[in-house]
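Trainee: Below you'll find the structure I mean.
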Amino acid sequence: MLLTVLYLIAITAEAMTGALSAGRRGMDWFGVALIACITALGGGSVRDMLLGHYPLTWVKHPEYLVLTTFAALVTVFIAPLMRHLRSLFLVLDAMGLVAFTLIGCQIALDMGHGPLIAAVSGVITGVFGGILRDIFCNDVPLIFRRELYASVSFACAWCFLGCAYLGLGNEQSLLISLFGGLLFRLLSIRYHWEMPKFVYRDDPQG
Amino acid sequence: MLLTVLYLIAITAEAMTGALSAGRRGMDWFGVALIACITALGGGSVRDMLLGHYPLTWVKHPEYLVLTTFAALVTVFIAPLMRHLRSLFLVLDAMGLVAFTLIGCQIALDMGHGPLIAAVSGVITGVFGGILRDIFCNDVPLIFRRELYASVSFACAWCFLGCAYLGLGNEQSLLISLFGGLLFRLLSIRYHWEMPKFVYRDDPQG
Amino acid sequence: MLLTVLYLIAITAEAMTGALSAGRRGMDWFGVALIACITALGGGSVRDMLLGHYPLTWVKHPEYLVLTTFAALVTVFIAPLMRHLRSLFLVLDAMGLVAFTLIGCQIALDMGHGPLIAAVSGVITGVFGGILRDIFCNDVPLIFRRELYASVSFACAWCFLGCAYLGLGNEQSLLISLFGGLLFRLLSIRYHWEMPKFVYRDDPQG
């Protein structure tokens with residue numbers, strides 16, 4: 001199934017970005033593996049705990065833990081190469097974001113939730129891995145400052161829900177929102193699209 | 001029902017304080033909405049996940065997500081006014097703290113837990129929204145340093161449990177602890193009551 | 001039962017280290033008690049929420065909350081003495097790590113999970129209390145930088161699983177991995193054993 005293949009690519013790519021974040025903080029190999037697993041599998045775990053959807057994905061498929069840990073350790077060794085693979089990673093990361101989002105939507109719908117909760121479930125699956133990575137590395141989560149990322153996830157979720165509402169088959173809806181989301185994310189990187197920011201100071205003279 | 005009305009006022013007020021925190025970090029609109037939802041609904045979500053009380057409030061009532069997101073976006077536009085509304089917000093926030101606490105107590109009691117777990121459930125509901133907000137904004141949680149806040153929540157929970165123990169009706173117990181807690185919080189702000197602090201240094205010469 | 005006794009010693013010791021961390025940040029007494037409870041009981045709570053193992057330990061045994069809170073408040077008063085007890089605390093902390101790990105393993109096995117999830121459950125129980133403590137105090141989790149800590153937990157879990165696989169009785173397996181893990185941890189402190197670190201810089205000239 002297409003989504004499973006995309007999911008495996010996505011958790012591998014996310015694990016590698018997590019490992020690089022851990023490397024920026026000079027963590028040891030255990031920390032690298034843990035941050036990689038959290039980045040790759042954390043979004044889905046948060047979704048499952050919020051929705052009460054047990055067992056969690058990695059508990060049911062412990063081989064995913066092996067895959068993400070392996071990807072993390074590979075990253076340690078090929079780190080000097082990573083600088084040259086930035087564009088590849090941006091594409092893989094975009095694919096991951098969209099795949100996570102659609103899987104999150106699908107799971108909430110399968111549990112019988114309405115469209116709003118399905119969209120929220122998609123966004124949580126898509127973005128919480130990165131948020132947890134940043135919290136564990138003690139950064140202000142990047143997602144709140146970067147180009148459209150969560151918004152792509154949100155739009156992609158609604159595109160999928162809209163297609164389903166219009167009576168398109170599940171496979172067609174997935175493909176349309178997959179390519180739509182991917183295109184939207186890559187365009188937003190290319191042209192530095194950003195959401196308006198809200199800057200507030202307590203002291204008006206500050 | 002009184003508690004529901006207070007709850008709606010409370011999540012709106014908490015969402016607005018969350019949005020201001022996000023604004024202090026210069027987050028984009030998505031970050032503002034997310035931090036607002038976490039501040040308003042995070043305490044209850046943590047409680048429900050710890051107690052295994054599914055579905056979570058906002059999953060059952062997705063309209064609360066709409067309300068908190070809407071409150072966050074309104075805050076972005078009326079931010080310059082917020083400076084003049086500080087006292088109003090302190091009162092709303094105090095009301096929210098007390099309402100959250102009593103709801104948390106009530107839910108734990110309804111699940112059949114004893115008084116200690118009910119009090120803990122009340123305090124978690126009351127204070128974890130703010131703690132999560134500060135962690136997501138990468139601050140040391142404010143609550144650990146400010147005037148009596150968690151202590152008000154704790155006292156309010158025990159007041160409610162005490163009233164129930166003395167055989168007062170549910171409605172009466174709620175009203176007494178509601179006003180007692182509100183008064184306690186406002187007095188503690190007014191007179192800068194604080195808990196003693198524990199300051200520890202590893203190095204005695206430090 | 002041996003594990004229960006070790007568990008009680010472990011949560012007391014962990015609560016005291018949590019209280020000292022809170023004191024380093026100058027938190028008030030409520031913050032001290034909260035950080036102590038999170039340090040002592042957080043690892044098990046995260047494990048139970050991830051595995052869907054309800055009710056949580058402290059919900060079933062609220063007296064553990066009383067014990068950890070009490071240990072935290074005692075710490076506030078005997079803090080000046082703590083400097084002289086460092087070696088004692090390192091031993092107690094090592095015992096706690098090993099006891100938490102074995103309990104986490106055992107619970108996952110009792111739920112019918114395979115060895116990989118059991119080992120992960122052990123490590124989560126062993127190390128997440130300290131990770132949460134550091135996140136709540138707004139530090140980069142120490143565990144990612146210190147001598148072998150998580151690795152001891154991991155090795156101890158596999159030792160236990162290996163003994164069980166070899167057909168040893170539950171009690172024997174526990175004792176062997178308990179002493180093995182304790183010895184491994186104390187040796188790693190004594191000789192400053194460390195895992196290799198992964199240091200990554202985005203900018204090669206940086």
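Protein chains in written order, with UniProt numbering: chain A, 1 to 206; chain B, 1 to 206; chain C, 1 to 206. In this text, a Cβ means the ideal position worked out from N, Cα and C, and glycines have one as well.
Helix, strand or coil, according to DSSP, for Asp93/C in the structure here?
Mentor: Helix at Asp93/C.
Trainee: Just to check, is the beta-carbon of Arg24/A closer than 6 Å to a non-hydrogen atom of the ligand MN?
Mentor: Within the structure as shown, the ligand MN is missing, as the structure has no ligands at all.
Trainee: What's the call for Phe30/C, buried or exposed, on a 16-neighbour Cβ count within 10 Å?
Mentor: Phe30/C is buried by the Cβ-count criterion.
Trainee: Which same chain residues, not among the five before or five after Gly96/A, have their C-beta less than 6 Å away from its C-beta?
Mentor: Excluding positions up to five away in sequence, the list reads Ala10, Ala13, Glu14.
Trainee: Please check if any C-beta of chain A sits within less than 7 Å of the C-beta of Gly129/C.
Mentor: By this cut-off, Gly129/C is not an interface position.
Trainee: Please confirm if the segment 111 to 122 of chain A is in contact with the segment 49 to 66 of chain B, defined as three or more CB-CB distances below 8 Å between the two stretches.
Mentor: Output reads yes: the segment 49 to 66 of chain B touches the segment 111 to 122 of chain A.
Trainee: To be precise: take each residue of the segment 23 to 34 of chain C, compare its Cβ to all Cβ atoms of chain B, and keep it if any distance is under 8 Å. Which residues remain?
Mentor: Within the segment 23 to 34 of chain C, the qualifying residues are Gly23, Arg24, Arg25, Gly26, Met27, Asp28, Trp29, Phe30, Gly31, Val32, Leu34.
Trainee: Using a Cβ cut-off of 9 Å, pull out every chain C residue sitting near Val76/B, in sequence order please.
Mentor: Correct list: empty, because the minimum Cβ distance to chain C is about 26 Å.
Trainee: Compute the Euclidean distance between the alpha carbons of Lys197/B and Met27/C, then round it to the nearest angstrom.
Mentor: Spanning the two alpha carbons is a distance of roughly 6 Å.
Trainee: Report the neighbours of Ala150/C on chain A: residues whose CB is nearer than 7 Å to its CB, in chain order.
Mentor: Within 7 Å Cβ-Cβ: Phe30.
Trainee: Chain B beta carbons: is any one of them nearer than 7 Å to that of Gly126/A?
Mentor: Not closer than 7 Å to any Cβ of chain B, the Cβ of Gly126/A fails to qualify, so no.
Trainee: Is the Cβ of Pro80/B closer than 7 Å to any Cβ of chain C?
Mentor: No, Pro80/B lies away from the interface with chain C (no Cβ there is under 7 Å from its Cβ).
Trainee: Closest by CA to Ser121/B, which one among Leu56/C, Leu2/C, Arg190/C, His192/C?
Mentor: Of the candidates Leu56/C, Leu2/C, Arg190/C, His192/C, the one whose C-alpha sits nearest the C-alpha of Ser121/B is Leu56/C.
Trainee: Using a threshold of 7 Å, state whether the C-beta atoms of Asp174/C and Ala99/C are closer than that.
Mentor: Per the sequence shown, residue 174/C should be read as Leu rather than Asp. The answer is no: Cβ separation not under 7 Å.
Trainee: For the putative contact between Gly126/B and Cys159/B, defined by C-beta atoms under 8 Å, what is the C-beta separation to the nearest angstrom?
Mentor: Contact flag wrong, Cβ pair sits at about 13 Å.
Trainee: Say whether chain A places a C-beta atom closer than 7 Å to the C-beta of Lys197/C.
Mentor: Yes, Lys197/C counts as interfacial toward chain A.
Trainee: Residues of chain A with CB under 9 Å from Tyr165/C, in chain order?
Mentor: None at all; the shortest Cβ gap to chain A is about 16 Å.
Trainee: From Tyr200/C, Gly130/C, Val199/C, Ala164/C, pick the residue whose C-alpha is nearest to that of Ala22/C; which is it?
Mentor: The shortest Cα separation from Ala22/C among Tyr200/C, Gly130/C, Val199/C, Ala164/C belongs to Gly130/C.
Trainee: Could you tell me whether the Cβ atoms of Phe154/C and Gly42/C are closer together than 7 Å?
Mentor: Taking 7 Å as the Cβ cut-off, Phe154/C and Gly42/C do not qualify as a contacting pair.
Trainee: To the nearest angstrom, how far is it from the Cα of Val76/A to the Cα of Arg185/C?
Mentor: Answer to the nearest angstrom: the Cα atoms are 25 Å apart.
Trainee: For the putative contact between Ile124/B and Arg47/B, defined by C-beta atoms under 8 Å, what is the C-beta separation to the nearest angstrom?
Mentor: Confirmed, about 5 Å.
Trainee: Are the beta-carbon atoms belonging to Arg133/A and Gly18/A less than 7 Å from one another?
Mentor: Yes; because the gap between Cβ atoms is below 7 Å, this pair is in contact.
Trainee: In three-state DSSP terms, what is Asp28/B?
Mentor: Strand at Asp28/B.
Trainee: Out of curiosity, what's the CA-to-CA distance linking Val74/B and Val91/C?
Mentor: Computed Cα separation, rounded: 54 Å.
Trainee: Indicate whether at least one CB of chain B lies closer than 7 Å to the CB of Leu65/A.
Mentor: It does not; no Cβ of chain B falls within 7 Å.
Trainee: Distance, Cα to Cα, Ala71/B vs Met16/B?
Mentor: Each residue's Cα considered, the two are about 6 Å apart.
Trainee: Do you know offhand how far Leu2/A's Cα is from Ala79/A's?
Mentor: Looking at the two C-alpha atoms, the distance is approximately 29 Å.
Trainee: With 7 Å set as the bound, which would you pick, yes or no: does the beta-carbon of Leu116/B sit closer than that to a beta-carbon of chain C?
Mentor: Leu116/B counts as touching chain C.
Trainee: Output needed in chain order: residues of the segment 40 to 60 of chain A with a Cβ under 7 Å from some Cβ in chain C.
Mentor: Of all residues in the segment 40 to 60 of chain A, Ser45, Met49, Tyr54, Pro55, Leu56, Val59 have a Cβ within less than 7 Å of some Cβ in chain C.
Trainee: I'd like the list of long-range same chain contacts for Ala40/B, defined as Cβ closer than 7 Å, with 5 residues on each side in sequence excluded.
Mentor: Taken in chain order, the residues that qualify are Ile11, Glu14, Ala15, Gly18, Thr68, Gly129.
Trainee: Between which two residues does the alpha helix (DSSP H) carrying Pro196/A extend?
Mentor: From DSSP, Pro196/A is part of no alpha helix (DSSP H); its letter is neither H nor E.
Trainee: Checking contacts by CB at 7 Å: is Leu187/A closer than that to chain C?
Mentor: Not an interface residue.
Trainee: Does the CB of Tyr200/A have a neighbour CB from chain B at under 7 Å?
Mentor: Chain B contact via Cβ: present.
Trainee: What is the C-beta distance between Ser45/C and Leu51/B, in whole angstroms, given that I count them as a contact (C-beta under 8 Å)?
Mentor: Rounded, the Cβ-Cβ distance is 11 Å, inconsistent with contact.
Trainee: I'd like to check one pair, Cys156/B with Ser188/B: are the Cβ atoms closer than 7 Å?
Mentor: No, Cβ-Cβ distance for Ser188/B and Cys156/B is not below 7 Å.
Trainee: How many Å lie between Arg139/B and Lys60/A at the Cα?
Mentor: It should be pointed out that residue 139/B corresponds to Asp in this sequence rather than to Arg. Using only the alpha carbons, I get a separation of about 35 Å.
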